[in-house]
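Take a look at the structure set out below.
Residue numbers (full-length UniProt numbering): 1 to 444.
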């Protein structure tokens with residue numbers, strides 16, 4: 001569905017911004033389009049319109065300018081875009097292609113396609129991650145002489161690690177990995193599948209940004225005289241190992257289970273998921289493999305961070321630590337809430353992250369997991385698939401070598417704690433309702 005949001009002032013200005021979002025089917029909720037709309041409304045005098053497939057009574061009652069459109073009707077889209085200067089899209093697939101065509105017909109000056117992840121050049125042809133975005137970029141490139149466009153690159157949203165996941169913010173509803181715990185770590189259950197190494201057995205890195213900060217950077221970029229083909233923004237850049245250690249420090253609990261992964265092992269699991277027709281498994285594995293391949297990593301300081309250093313961005317330590325739904329309590333047999341002993345283990349922690357060669361070979365055709373295991377082969381079509389010796393899930397921690405219950409290196413003192421005081425989160429509401437609360441994720 002599409003939404004349009006009215007600007008703070010009723011008079012017309014030289015800017016007309018359209019936010020489009022297929023995900024905002026819930027009135028009064030968040031979502032990236034609405035966050036951007038709110039930021040425009042609160043900090044600029046631009047007139048704002050939100051396009052929607054349905055009539056948005058609640059948003060209109062809140063003062064937003066909403067217009068219903070039919071994406072199968074070019075005339076409907078062209079009518080909505082008359083006089084518009086800039087389009088910000090968060091809709092994908094054929095509706096976005098039709099929106100681009102209509103924008104060109106109406107001589108819209110600028111268009112920001114639905115990206116808001118890693119650099120598109122690193123995405124390749126993975127249809128699970130593409131979701132029609134490469135086609136949109138190809139169409140915009142075709143019309144580059146008629147419309148200016150940019151890709152907003154922000155890496156991974158912090159909201160993936162929030163209570164109830166991205167879907168509590170109406171983000172990633174159709175992505176297949178928007179639920180709590182579906183990407184790298186589940187802070188509630190303290191489980192993790194961490195792609196901490198790249199194909200060269202180096203520590204993989206990841207860039208993360210809050211959706212709230214994305215909205216701030218995007219709105220600032222609206223007034224830039226020219227748009228480059230990409231504009232990056234970043235809250236933090238860290239290794240995946242530091243990320244999981246930071247989450248562990250925030251929760252002050254050891255991991256119940258943690259599977260360290262490298263690309264070859266993830267590729268094996270992806271192949272098995274494809275052979276088994278496991279679409280859900282493929283959707284879960286695709287972003288993990290992309291992380292190991294550097295899809296969500298880019299140079300910092302990012303472009304927009306350098307252009308607008310006054311924007312105070314959120315960091316992962318404060319975001320996860322402030323999650324009320326991750327409170328250290330449990331429910332006893334009588335239904336009474338009891339405090340959980342969250343004391344950290346007194347066992348010494350290893351000084352280094354787990355060694356890639358301990359559980360994965362650099363040769364993608366042969367995957368070694370753990371120590372002393374025997375590989376097994378599965379025949380599939382054109383050749384043999386090697387099964388990891390400790391199963392397709394990887395090795396949980398380094399129990400066989402360290403006997404430390406799988407707890408990895410304590411990076412908190414060196415890196416994770418450095419992040420804890422870098423940013424001011426004033427005004428960021430991360431106190432979400434408990435899981436299964438029917439009002440979960442609703443921001444009033």
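Just so you know, even glycine gets a beta-carbon here, dropped at the ideal spot from N, CA and C. Bear in mind the structure is a predicted one, so any value in this text is a computation, not a measurement.
Can you tell me whether residue i is buried or exposed? The criterion is at least 16 other CB atoms within 10 Å of its CB, across all chains shown.
| i | result |
| --- | --- |
| residue 95 | buried |
| residue 162 | buried |
| residue 270 | buried |
| residue 198 | buried |
| residue 421 | For residue 421, the pLDDT reaches just 39, beneath the cut-off of 50, and the residue's location in the model is therefore unreliable, although a value from the coordinates is still provided. Exposed: under 16 other Cβ atoms inside 10 Å. |
| residue 138 | exposed |
| residue 189 | exposed |
| residue 92 | buried |
| residue 142 | exposed |
| residue 164 | buried |
| residue 55 | exposed |
| residue 100 | buried |
| residue 507 | Nothing in the structure corresponds to residue 507, since the chain is present only between 1 and 444. |
| residue 155 | buried |
| residue 231 | buried |
| residue 136 | buried |
| residue 90 | buried |
| residue 242 | buried |
I'd like the span of the alpha helix (DSSP H) that includes residue i, first residue to last.
| i | result |
| --- | --- |
| residue 302 | Counting along the chain, residue 302 falls outside any alpha helix (DSSP H), and DSSP gives it neither H nor E. |
| residue 39 | 32–43 |
| residue 222 | Note, residue 222: premise wrong, no alpha helix (DSSP H); not H, not E. |
| residue 240 | 240–251 |
| residue 57 | 57–61 |
| residue 291 | 279–292 |
| residue 257 | Careful: residue 257 lies outside any alpha helix (DSSP H), inside the beta strand (DSSP E) at 257–260. |
| residue 104 | 94–105 |
| residue 76 | 74–81 |
| residue 139 | 133–142 |
With distances taken Cα to Cα, identify the nearest neighbour of residue i among the options.
| i | options | result |
| --- | --- | --- |
| residue 32 | 113, 84, 250 | 113 |
| residue 302 | 223, 247, 237 | 237 |
| residue 298 | 310, 97, 120 | 120 |
| residue 265 | 196, 137, 106, 71 | 196 |
| residue 66 | 73, 80, 74, 72 | 80 |
| residue 151 | 61, 60, 229, 136 | 229 |
| residue 78 | 47, 34, 108 | 108 |
| residue 144 | 131, 227, 60, 41 | 227 |
| residue 235 | 250, 214, 49, 85 | 214 |
| residue 445 | 281, 117, 43, 284 | Any question about residue 445 goes unanswered here, given that the chain covers just 1 to 444. |
| residue 38 | 51, 306, 64, 83 | 64 |
| residue 69 | 52, 35, 179, 82 | 52 |
| residue 153 | 132, 187, 179, 115 | 115 |
| residue 208 | 62, 132, 314, 60 | 314 |
For the beta strand (DSSP E) holding residue i, just list the boundary residues, first then last.
| i | result |
| --- | --- |
| residue 112 | 110–112 |
| residue 268 | Where residue 268 is concerned, there is no enclosing beta strand (DSSP E), although the alpha helix (DSSP H) it sits in stretches over 263–275. |
| residue 199 | No beta strand (DSSP E) contains residue 199, which DSSP labels as neither H nor E. |
| residue 47 | 47–52 |
| residue 89 | 86–90 |
| residue 230 | 230–232 |
| residue 192 | 191–194 |
| residue 208 | 205–209 |
| residue 130 | From DSSP, residue 130 is part of no beta strand (DSSP E) but of the alpha helix (DSSP H) over 127–130. |
| residue 68 | 66–68 |
| residue 153 | 151–153 |
Ordered along the chain, which non-local residues of its own chain (more than five positions away) have a Cβ less than 6 Å from that of residue i?
| i | result |
| --- | --- |
| residue 111 | 87, 103, 147, 149 |
| residue 217 | 233, 304 |
| residue 383 | Since pLDDT at residue 383 reaches only 38, below the 50 mark, its modelled position is unreliable, and no value is offered. |
| residue 300 | 234, 237 |
| residue 60 | 66 |
| residue 308 | 220 |
Short of 8 Å in beta carbon distance, which residues of its chain neighbour residue i, apart from the five on each side in sequence? Order them along the chain.
| i | result |
| --- | --- |
| residue 205 | 237, 238, 239, 240, 294, 297 |
| residue 126 | 286, 290 |
| residue 191 | 181, 185, 255, 256, 257, 258 |
| residue 140 | 100, 111, 113, 147, 149 |
CB-CB under 7 Å to residue i, same chain, minus the five flanking residues each way: which ones, in chain order?
| i | result |
| --- | --- |
| residue 445 | Past the edges of the chain, shown from 1 to 444, lies residue 445, and the structure says nothing about it. |
| residue 122 | 294, 295 |
| residue 310 | none |
| residue 36 | 19, 88, 215, 218, 219 |
| residue 130 | 123 |
| residue 106 | 78, 81, 82, 84 |
| residue 43 | 219 |
Measuring from the CB of residue i, is there a heavy atom of the ligand GDP at a distance below 7 Å?
| i | result |
| --- | --- |
| residue 213 | In the structure shown, the ligand GDP is absent, as is every other ligand, since no ligand is present at all. |
Check your understanding: Is it a yes or a no for the region 222–236 touching the region 247–257, going by three-plus beta-carbon pairs under 8 Å?
Key -> no
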